[in-house]
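Here's the structure, in structure tokens; my notes come after.
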DNA sequence: TTCCAGGCAGTAG
DNA sequence: CTACTGCATGGA
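Residue numbers (UniProt numbering): 1 to 296.
So, in structure tokens, the structure goes:
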């Protein structure tokens, strides 16, 4: 047996449910960047010049990854899965806060082990946000598929193609009209091409954002990008930089969840959202995703 | 048909 | 600074 067929095992953290995480990945939308097959998921990865397709499943006490095509070092695979499933976070403090909360305490059992499923690639995360802005999710996933299958490369396994997200260098050369043909609005096309150009021209990178200390500076830098407002900036800090203190202000789903809990018959104000999140200081991102979970 | 969806930029006051 | 408007398209 060669070394690439060996399994890689990642121990499960304390509070973790593979099926809750898979439920998030399988909410009824058609995501083109992974494939669910029963209690396992196939994910094409392309990082630092390495690329391939991995299969992730679970054992009693670990996540198990197997390389199906290509070449990816065990370290790269571990690093990706650790970020994707947020394996390094200790959720106990968050669960203690949930359990102290009159209305939300049920979440700790109902959604037990749900983790912040990440989008490690910042460019992909930003593009996904732009696509998702102000349109229904079904249509958003369709637009993403069109973008990925037209401009991305792929790896084939058992005669199925598995796509990598397109390079910024490729999207940077597109014209607005090309994306308009794919039913992107003019705005979305401009935003995505602009962001791609910044990444391709080394004017923006995940490292640049990571180098900034503190949420405020990072939000300020991100919202300078045309097409990136408070919702997108907080979303990518949460999903791509794994920040735990983010609230997706402006998010219709979040507003709807908070509105229901506060028994309002209108959208909550920013102040009402802040005060609802206040007991969860440091865990806002998790409260945010658990509130989303109540919607689907 | 109408309303709205995991918002944002631009403009007016 | 806040409030309002246009954007674009498909789902329900």
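Idealized CB from N, CA, C, for every residue including glycine. All of these numbers come straight from a predicted model, not from anything done at the bench.
Could you check which residue in the options has the C-alpha nearest to that of residue i?
i, options, result
"residue 48", "77, 116 and 233", "77"
"residue 23", "94, 92 and 112", "112"
"residue 120", "207, 254 and 183", "207"
"residue 297", "268, 251 and 106", "Lying before the first or after the last residue shown, residue 297 is absent from the chain, which here runs from 1 to 296."
"residue 292", "251, 281, 226 and 167", "251"
"residue 45", "15, 129 and 167", "167"
"residue 193", "82, 54 and 131", "131"
"residue 324", "30, 143 and 108", "This structure does not reach residue 324, given that the chain is present from 1 up to 296, and the question cannot be answered."
"residue 280", "253, 116, 100 and 90", "100"
"residue 296", "29, 75, 145 and 139", "29"
With a cut-off of 8 Å on the beta carbons, I'd call residue i and residue j a contact; round off their distance for me.
i, j, result
"residue 163", "residue 10", "Not quite, the Cβ-Cβ distance comes to about 24 Å (not below 8 Å), so this is no contact."
"residue 273", "residue 247", "6 Å"
"residue 85", "residue 67", "No, residue 85 and residue 67 are not in contact; Cβ-Cβ is about 18 Å, not under 8 Å."
"residue 197", "residue 233", "Contact doesn't hold; Cβ gap of about 19 Å is too wide."
"residue 287", "residue 103", "Between residue 103 and residue 287 the Cβ distance is about 12 Å, and since that is not below 8 Å, they are no contact."
"residue 229", "residue 223", "6 Å"
Taking just the CA atoms, how far does residue j sit from residue i?
i, j, result
"residue 283", "residue 125", "21 Å"
"residue 114", "residue 285", "12 Å"
"residue 151", "residue 137", "21 Å"
"residue 2", "residue 43", "Residue placement at residue 2 is poorly supported in this model, since its pLDDT is 45, which falls under 50; the coordinates are not used for a value here."
"residue 7", "residue 122", "28 Å"
"residue 221", "residue 60", "43 Å"
"residue 21", "residue 56", "12 Å"
"residue 211", "residue 195", "19 Å"
"residue 52", "residue 31", "18 Å"
*Check whether the region 37-54 touches the region 90-103, taking contact to mean three or more Cβ pairs, one atom from each stretch, closer than 8 Å.*
Contact between the region 37-54 and the region 90-103 is absent, because fewer than three Cβ pairs lie under 8 Å.
*Are the region 189-199 and the region 65-72 touching, with three or more C-beta to C-beta distances below 8 Å?*
No: the two stretches stay apart, fewer than three of their Cβ pairs being nearer than 8 Å.
*Which full runs of the alpha helix (DSSP H) of 4+ residues lie inside the region 126-171, going along the chain?*
Within the region 126-171, the complete alpha helix (DSSP H) runs of at least 4 residues are 137-151 and 168-171.
*Do the region 154-172 and the region 228-246 make contact, defined as three or more Cβ pairs closer than 8 Å?*
No contact exists between the region 154-172 and the region 228-246.
*Only counting runs of 3 or more residues, tell me where the beta strand (DSSP E) segments fall wholly within the region 178-219, in order along the chain.*
Within the region 178-219, no complete beta strand (DSSP E) run reaches 3 residues.
*Entirely enclosed alpha helix (DSSP H) segments - the region 67-123, minimum 4 residues*: Complete alpha helix (DSSP H) runs here, min 4: 74-84, 92-100 and 107-110.
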